[in-house]
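Data first, discussion second: the structure below is written as structure tokens.
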Amino acid sequence: MKKSIVCLLVIALFVTIFGAAGAEDSDGKITVWAWDPSFNIAIMKEAAARYEAINPDIKIDIVEMAKADVEQKLNTVLAAKTTEGLPEIVLIEDYNAQKYLQYYPGSFADLTTKFNYNDFAAYKVGVMTLDGKVYGVPFDSGVVGFFYRSDILAEAGFKAEDLKNITWDQFIEIGKTVKEKTGKYMLGFQNTDGGIMRIMMQSAGKWYFDEEGKPALIGNQALVEAFELYKKIVDSGIAKPTNNWNEWVGTINTGESASVTSGVWIVGSIKAAKDQSGLWDVAPVPRLSTVDSKNASNLGGSSWYILDKSADKDAAIDFMQKIYAGDKDFYQTILINNGAVGTYLPAATGEAYSTPDEFFGGRAIYEDLSAWMKEIPPVDYGIYTYEADAAIMAQMEAVCAGTMTIDDAIKAAEAQLENQIQ
Amino acid sequence: MKRNIRVSRVFLYLFLIIVSFICVFPFYWMIVGSTNTPIQIIAGKMTFGSHFVENFHTLFNNYDMLRILMNSLKISGISVILILLIGGMAGYGFQMYKSNLKEKLYGFFLLTMMVPFATLMIPLFKIITKLNLLDTHFAVIIVSAVSAFMIFFFRQSFINYPTEILEAARVDGAGEFRIFFNIFVPSMKSTFAAAAIYSFITSWNSYLWPLIVLQSNEKKTTTLLISMMSSSYTPEYGVIMLAIVVATLPTIIIFFAFQKQFVQGMLGSVKQ
Numbered sequence: 001m002k003k004s005i006v007c008l009l010v011i012a013l014f015v016t017i018f019g020a021a022g023a024e025d026s027d028g029k030i031t032v033w034a035w036d037p038s039f040n041i042a043i044m045k046e047a048a049a050r051y052e053a054i055n056p057d058i059k060i061d062i063v064e065m066a067k068a069d070v071e072q073k074l075n076t077v078l079a080a081k082t083t084e085g086l087p088e089i090v091l092i093e094d095y096n097a098q099k100y101l102q103y104y105p106g107s108f109a110d111l112t113t114k115f116n117y118n119d120f121a122a123y124k125v126g127v128m129t130l131d132g133k134v135y136g137v138p139f140d141s142g143v144v145g146f147f148y149r150s151d152i153l154a155e156a157g158f159k160a161e162d163l164k165n166i167t168w169d170q171f172i173e174i175g176k177t178v179k180e181k182t183g184k185y186m187l188g189f190q191n192t193d194g195g196i197m198r199i200m201m202q203s204a205g206k207w208y209f210d211e212e213g214k215p216a217l218i219g220n221q222a223l224v225e226a227f228e229l230y231k232k233i234v235d236s237g238i239a240k241p242t243n244n245w246n247e248w249v250g251t252i253n254t255g256e257s258a259s260v261t262s263g264v265w266i267v268g269s270i271k272a273a274k275d276q277s278g279l280w281d282v283a284p285v286p287r288l289s290t291v292d293s294k295n296a297s298n299l300g301g302s303s304w305y306i307l308d309k310s311a312d313k314d315a316a317i318d319f320m321q322k323i324y325a326g327d328k329d330f331y332q333t334i335l336i337n338n339g340a341v342g343t344y345l346p347a348a349t350g351e352a353y354s355t356p357d358e359f360f361g362g363r364a365i366y367e368d369l370s371a372w373m374k375e376i377p378p379v380d381y382g383i384y385t386y387e388a389d390a391a392i393m394a395q396m397e398a399v400c401a402g403t404m405t406i407d408d409a410i411k412a413a414e415a416q417l418e419n420q421i422q
Numbered sequence: 001m002k003r004n005i006r007v008s009r010v011f012l013y014l015f016l017i018i019v020s021f022i023c024v025f026p027f028y029w030m031i032v033g034s035t036n037t038p039i040q041i042i043a044g045k046m047t048f049g050s051h052f053v054e055n056f057h058t059l060f061n062n063y064d065m066l067r068i069l070m071n072s073l074k075i076s077g078i079s080v081i082l083i084l085l086i087g088g089m090a091g092y093g094f095q096m097y098k099s100n101l102k103e104k105l106y107g108f109f110l111l112t113m114m115v116p117f118a119t120l121m122i123p124l125f126k127i128i129t130k131l132n133l134l135d136t137h138f139a140v141i142i143v144s145a146v147s148a149f150m151i152f153f154f155r156q157s158f159i160n161y162p163t164e165i166l167e168a169a170r171v172d173g174a175g176e177f178r179i180f181f182n183i184f185v186p187s188m189k190s191t192f193a194a195a196a197i198y199s200f201i202t203s204w205n206s207y208l209w210p211l212i213v214l215q216s217n218e219k220k221t222t223t224l225l226i227s228m229m230s231s232s233y234t235p236e237y238g239v240i241m242l243a244i245v246v247a248t249l250p251t252i253i254i255f256f257a258f259q260k261q262f263v264q265g266m267l268g269s270v271k272q
């Protein structure tokens, strides 16, 4: 009996000692959860410094984590339904945004009246809208560019004009010529990665789901053409097969492939190969040819969300209004320092956007890219983008090998997706 | 006959060389990688480069590596001491004392090993928030301090201990705590050393729970730092490799320091 009393006393002691030390002081502190030290976090630090200069009473604390870790933590805190341990602001990837908005209703602050959303790229606002209410602050764009090595393409006889506003079929034909005349691959390509497919789908304003969020793979002509293109890219031999992200980036850095079609954030990886300076150029992303499709698309990107029950919600909103929806100079700085293309349209006319980039042969690539950004067709990503991606890519190997027809593959993928999300 | 032995020897060595190569290769690559730039690593460069100093500067200037290392050492160190103390005593108690409920309670403890951590996570998080322990190292330590597996491990290795020694000590008038600390623990040194290594590595590598409860950058552990660094549009692989080297060092040092005891501990401490 005596022992258990001692035990209880010891526990009580511990709790008081550590409890007092652990109590979080939430006054005047905006906590932000984000990932990517050289991009999102560096940018948020810049924003924080600017805001703290205007409003010295507020301290902005940026917690650096991995992307998967932000998601894991957010899920745990929201599922536990506690208000302690909530950050004020959290970064969420666009493809996953609807999942959080729909799974945890009431957790994110309704910002519909707080920002003028006409100032942001339309496709980006759609991502964070649920039942007519807007819940986020649009951040970086994943506007897609067809980045290519102008020297290799010139050697194969192509000028910049020949590469503008082409279709994917033309892209493949150009690739064949490049392979024939220079021996270089047109692109590094992982045929089980859904990136290019998502680029193709969004350029047609289509996605894997219908308006009610139900899988809409069967009868989706954009998807059929994307499937065909994947097979053609593999069959034509213009692609260097890669197995992962590193190998894929490696094909650009080592000069093995002549182009990469990806989100604007890839520019950081392209520029990492300093010896290739001046040899790059960019054109609009190729479009689909059997459906109504634009030479503009998106891959990736993320946005900021404010937690409704966090202690300093109002300060956080003010911070986002002043910097992310007001400070044009901020957007120039992050473009120069981090290569970040914001989706705040008034900033896209700034000086940094029109500065010629020597790496890209003196082209002001960001001016072009932000012009294409406005053209990106808005798409509702729904809540199961990655699940749909996985279901489709599971069939890709068989389609590329020719052992399965595209119709069968799409049927199988839809069945798998239906199974998975029920 | 002799020839046969020689031939089989050759194959044995060949086999061992291949296996050790497979084991050592990731370490080799990790060390080589820490001296190269991201592009060289992506291109598959397998030889030492000249960017070690650069990576070193980035790691210690851009990231709070030293503090994070100390955080990990603190959490792991205190966890190990608590695990040895609590687990050792519990294992001793389960093995040496007689009680009717003992086996049932022991079985209940073992059952808890079957509950996956993912199901405990949210309730545990709620408890920790209620106790106001969020964002403290204590929250990480307290959860790992009691481990059913370690109790099981200790009890198993205590089975062969000759109880006569304990009875003799009791007859001589030693108290129960004195018997445990002055007689039992010293003679089971290698078991405790093995447990220390095992629990240190587990605690050093723990990831999910620290991720959930630690909130601020200053409280981070090495695993969280490495994971954060790799999540990037353009990861700095050289710096990440160096961070992994730094994070691996303590485990390697501890393992080599206790290696002899570790092997003995696995074999059993006291032989009759």
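If you're matching them up, the sequences are chains Y and L in order.
Under the working numbering, the first residue of the first sequence is numbered 1, with each subsequent residue one higher.
Under the working numbering, the first residue of the second sequence is numbered 1, with each subsequent residue one higher.
Think of the CB as a built atom: it goes at the ideal place given N, C-alpha and C, for glycine as much as any other residue.
Given the structure is predicted, the values throughout are model-derived calculations rather than measurements.
A straight line joining the alpha-carbon of Gln221/Y with that of Ala394/Y spans about 19 Å. For the pair Asp389/Y and Gly194/Y, the Cα-to-Cα distance works out to about 6 Å.
Per DSSP, the beta-bridge partners of Asp281/Y are Tyr148/Y.
By the neighbour-count definition (other C-beta atoms within 10 Å, threshold 16), Tyr106/L is a buried residue.
Of all residues in the stretch 101-125 of chain L, the ones placed with a Cβ closer than 9 Å to any Cβ belonging to chain Y are Met121, Ile122, Pro123 and Phe125, in chain order. Between the alpha carbons of Gly44/L and Glu236/L lies a gap of roughly 15 Å. Residue pairing by DSSP puts Pro241/Y in a beta bridge opposite Phe189/Y.
A residue is called buried once 16 or more other Cβ atoms fall within 10 Å of its Cβ, and Gly183/Y, having fewer, is exposed. Chain-order list of chain Y residues neighbouring Asn217/L: Asp61, Ile62, Val63 and Glu64, by C-beta distance under 9 Å. For a cut-off of 8 Å, the C-beta gap from Gly301/Y to Asp140/Y is around 5 Å, short enough to register as a contact. Phe108/Y is bridged by DSSP to Leu307/Y. Scanning chain Y for C-beta atoms nearer than 7 Å to the C-beta of Ile39/L yields Asn253, Ala272 and Ala273, reported in chain order. A Cβ-Cβ separation of about 6 Å places Leu91/Y in contact with Asn40/Y under the 8 Å criterion. In the DSSP annotation of this structure, the continuous segment of the alpha helix (DSSP H) that includes Ala388/Y starts and ends at Thr385 to Ala401.
In this structure, Ser236/Y sits away from Ala296/Y, with a CB-CB distance that is not shorter than 8 Å. Per the coordinates, the alpha-carbon of Phe158/L lies some 13 Å from the alpha-carbon of Ile183/L. Per the C-alpha coordinates, the member of Lys176/Y, Tyr103/Y, Ala316/Y and Glu414/Y positioned closest to Ala47/Y is Ala316/Y. Collapsing the DSSP output to three states places Gly219/Y in coil. Exposed is the label assigned to Pro56/Y, since fewer than 16 other Cβ atoms lie within 10 Å of its Cβ. With a cutoff of 8 Å on beta-carbon distance, Tyr381/Y and Trp265/Y are scored as not near each other. For the stretch 26-55 of chain Y, the residues whose beta carbon sits under 7 Å from a beta carbon of chain L are, in order, Trp35, Asp36, Pro37, Ser38 and Phe39. Around the CB of Val171/L, fewer than 16 other CB atoms lie within 10 Å, so the residue is classed as exposed. DSSP, reduced to helix, strand and coil, places Gly183/Y outside both helices and strands of the structure shown, so it counts as coil.
Taking 7 Å as the Cβ-Cβ cut-off, the stretch 78-96 of chain Y approaches chain L at Ala79, Ala80, Thr82, Glu84 and Gly85, given in chain order. Chain-order list of chain L residues neighbouring Lys73/Y: Leu211 and Ile212, by C-beta distance under 8 Å.
At a Cβ-Cβ threshold of 8 Å, Ser99/L and Leu242/L do not count as neighbours. Rounded to the nearest angstrom, the gap between the Cα atoms of Gly255/Y and Ile42/L is 13 Å. Among the residues facing chain L, Val341/Y is not included, as its CB has no counterpart in that chain under 8 Å away. Separation of the CB atoms of Ser72/L and Trp209/L is rounded to 13 Å, and the pair is thereby denied contact status at 8 Å. Runs of alpha helix (DSSP H) with 4 or more residues, each lying fully within the stretch 130-179 of chain L, are found at 137-145, 148-158 and 163-171, listed in chain order. In the three-state reduction of the DSSP assignment, Pro138/Y falls in the strand class, which pools E and B.
Exposed is the label assigned to Val19/L, since fewer than 16 other Cβ atoms lie within 10 Å of its Cβ. Under the three-state reduction of DSSP, Ile376/Y is assigned to coil, being neither helix nor strand. For the options Thr221/L, Ala196/L and Glu218/L, the alpha carbon positioned closest to that of Ala257/L is the one of Ala196/L. A check of alpha carbon separations from Thr129/Y across Trp35/Y, Ala412/Y and Ser303/Y identifies Ser303/Y as the nearest. In this structure, Ile410/Y is the residue among Glu84/Y, Ile410/Y, Gly278/Y and Ile196/Y with its C-alpha nearest to the C-alpha of Ile392/Y.
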